[in-house]
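A short worksheet on the structure shown next.
Residue numbers (this note's numbering): 1 to 388.
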């Protein structure tokens with residue numbers, strides 16, 4: 001029998017060594033499988049808008065946009081009429097509907113050229129029917145006619161006049177001037193209808209005329225400008241040239257805004273906002289911030305939202321709300337009563353991947369920006385991608 005310290009006491013039978021090695025291999029394989037499973041579940045669990053993702057490939061932190069551009073083809077004679085791309089983040093449309101959700105037209109392809117998008121986001125229509133679309137990754141504004149024909153573009157990446165770091169919502173005043181909420185630069189910029197810079201205001205902070213993440217912008221009948229801020233959730237009201245007037249941050253005693261997205265003004269100068277996350281409400285105020293009513297709540301049924309983004313009203317006072325994670329548009333009357341809805345996840349005429357913003361023209365036609373920066377779930381849904 002070997003004594004303590006003898007060399008024989010250090011020897012381990014080969015069979016035992018093999019068993020130990022096998023256990024190590026099995027453990028490593030199991031860990032690899034678990035990590036891979038978690039990664040796949042993570043990729044399938046969300047398809048949130050990239051402009052709010054700190055790791056997103058927006059113009060603020062993306063230097064080489066060309067690597068995300070793929071070949072484009074037109075698919076005709078199918079439910080998915082229009083231009084699409086054959087890679088994952090490849091669905092970049094502006095869709096035009098009548099007031100009941102029937103598709104009239106669609107345009108846009110993935111790319112960095114005129115009439116193309118990398119992340120179509122904010123959308124606005126002026127009194128002449130021209131459509132303006134902001135691109136959160138290309139850092140520009142594009143102007144189209146009502147049929148989607150490209151007219152011009154302006155804007156580059158940067159912090160100066162006429163430059164952007166994630167342009168989001170837009171609004172148009174009675175003179176055709178364009179107001180753009182610049183999400184990452186924390187300011188509002190004003191341009192004429194040809195894209196010539198007029199003025200801008202705002203800085204980072206929580207004081208009057210300051211922003212953290214300005215998302216929405218709207219204009220009332222007197223051309224006053226209203227803004228909504230996600231991470232400093234409040235509404236601010238300014239003159240047309242940016243002089244601070246008033247602000248509010250709640251919609252009933254003890255109920256503060258949580259995560260404001262968009263804002264819109266109706267023909268009576270009532271103010272509507274979409275408040276997301278735990279609230280998931282639409283709230284209505286007068287032009288001084290006096291609370292009128294709210295409706296909604298988190299959920300999947302009619303009059304409920306999972307992530308309510310864009311909002312707009314028509315001449316009759318109907319309210320249209322983009323519910324991004326429910327992938328649909330809901331229509332309400334001015335009292336917040338549900339009227340109709342359209343949309344689902346997919347590539348068909350009345351379907352979306354990630355609907356963001358919404359606008360309306362003088363004829364009551366609805367325009368929706370739909371960006372295809374999505375994950376595995378949406379790709380599997382669409383049956384019209386080529387080369388599968």
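Glycine included, every Cβ here is placed at the ideal spot set by N, Cα and C.
Boundaries (first-last residue) of the beta strand (DSSP E) holding residue 320: Residue 320 -> beta strand (DSSP E) spans 319–323.
Cβ shell of residue 302 (< 6 Å), same chain only, five flanking positions each side left out: 338
Cutoff 7 Å; reference residue 199; Cβ partners in own chain excluding five residues on either side: 190, 241 and 242
Per DSSP, cross-strand counterpart(s) of residue 252: 255
Range of the contiguous beta strand (DSSP E) that encloses residue 142: Counting along the chain, the beta strand (DSSP E) containing residue 142 begins and ends at 140–144.
Residue 354 - DSSP class collapsed to helix/strand/coil: Of the three classes helix, strand and coil, the one that applies to residue 354 here is coil, per DSSP.
DSSP-derived helix/strand/coil call for residue 315: coil
Span of the beta strand (DSSP E) around residue 330: The continuous beta strand (DSSP E) containing residue 330 extends over residues 328–332.
Cβ-Cβ distance between residue 260 and residue 228 below 9 Å: yes
Beta-carbon proximity check, residue 330 vs residue 341, cutoff 9 Å: Their beta carbons are under 9 Å apart, which means residue 330 touches residue 341 by this criterion.
Reduced DSSP secondary structure (H/G/I, E/B, other) of residue 226: strand
Segments of 4+ residues assigned as alpha helix (DSSP H) that fall wholly inside the segment 265–311: For the segment 265–311, not a single whole alpha helix (DSSP H) run of length 4 or above is found.
Residue closest to residue 157, alpha-carbon to alpha-carbon, out of 135, 151 and 145: 135
Three-state secondary structure (DSSP) of residue 66: Because residue 66 carries a pLDDT of 36, less than 50, the predicted location of this residue cannot be relied on, and the following value inherits that uncertainty. Residue 66 falls in the helix class under three-state DSSP.
Other residues of its chain near residue 105: CB distance less than 8 Å, five sequence neighbours each side excluded: So the list reads 95, 96, 147 and 148, once near-sequence residues are dropped.
Proximity winner among 195, 207 and 344, relative to residue 323 (alpha-carbon distances): 344
Residue environment, residue 239, which counts as buried when at least 16 other CB atoms sit within 10 Å: exposed
Assumed close pair residue 127, residue 362 - CB separation to whole angstroms, cut-off 8 Å: Rounded, the Cβ-Cβ distance is 6 Å, consistent with contact.
Simplified DSSP state of residue 199, which is helix, strand or coil: In the structure shown, residue 199 adopts extended strand secondary structure according to DSSP, grouped into three states.
Rounded Cβ spacing between residue 221 and residue 286 (contact assumed at less than 8 Å): Incorrect: roughly 13 Å between the Cβ atoms, too far for contact.
Residue 357 beta carbon less than 9 Å from that of residue 169: Yes.
Buried/exposed call for residue 74, threshold 16 Cβ in 10 Å: Any answer about residue 74 is weak, because its pLDDT of 29 lies below 50 and its placement is not dependable; what the coordinates show is given next. Exposed is the call here.
Per DSSP, cross-strand counterpart(s) of residue 120: 135
Buried or exposed (CB count within 10 angstroms, at least 16 for buried), residue 267: exposed
Proximal residues to residue 115 (C-beta, below 6 Å), its chain only, five neighbours per side dropped: Spatial neighbours of residue 115 in its own chain (CB-CB distance under 6 Å, excluding positions within 5 residues in sequence) are listed in chain order as 150.
For residue 103 and residue 262, the rounded distance between their alpha carbons: 23 Å
CB of residue 317 within 9 Å of CB of residue 305, strictly: no
Bridge partners - residue 103, DSSP secondary structure assignment: 97
Pairwise C-alpha distance: residue 132 and residue 120: 10 Å
Given residue 325 as reference, the closest of 336, 280 and 364 once Cα atoms are compared: 280
Residue 264, buried or exposed, once every other Cβ within 10 Å from all chains shown has been counted against 16: buried
Classification of residue 177 by the beta-carbon crowding that lies within 10 angstroms, buried from 16 upward: Buried: at least 16 other Cβ atoms inside 10 Å.
Range of the contiguous beta strand (DSSP E) that encloses residue 204: No beta strand (DSSP E) holds residue 204; DSSP gives it neither H nor E.
Coil, strand or helix - residue 345 by DSSP: In the three-state scheme derived from DSSP, where H, G and I count as helix and E and B as strand, residue 345 is classed as strand.
DSSP-derived helix/strand/coil call for residue 112: coil
Same chain, Cβ closer than 7 Å to residue 350, neighbours up to 5 away in sequence not counted: Cβ neighbours of residue 350 beyond the five flanking positions: 101, 103, 342 and 343.
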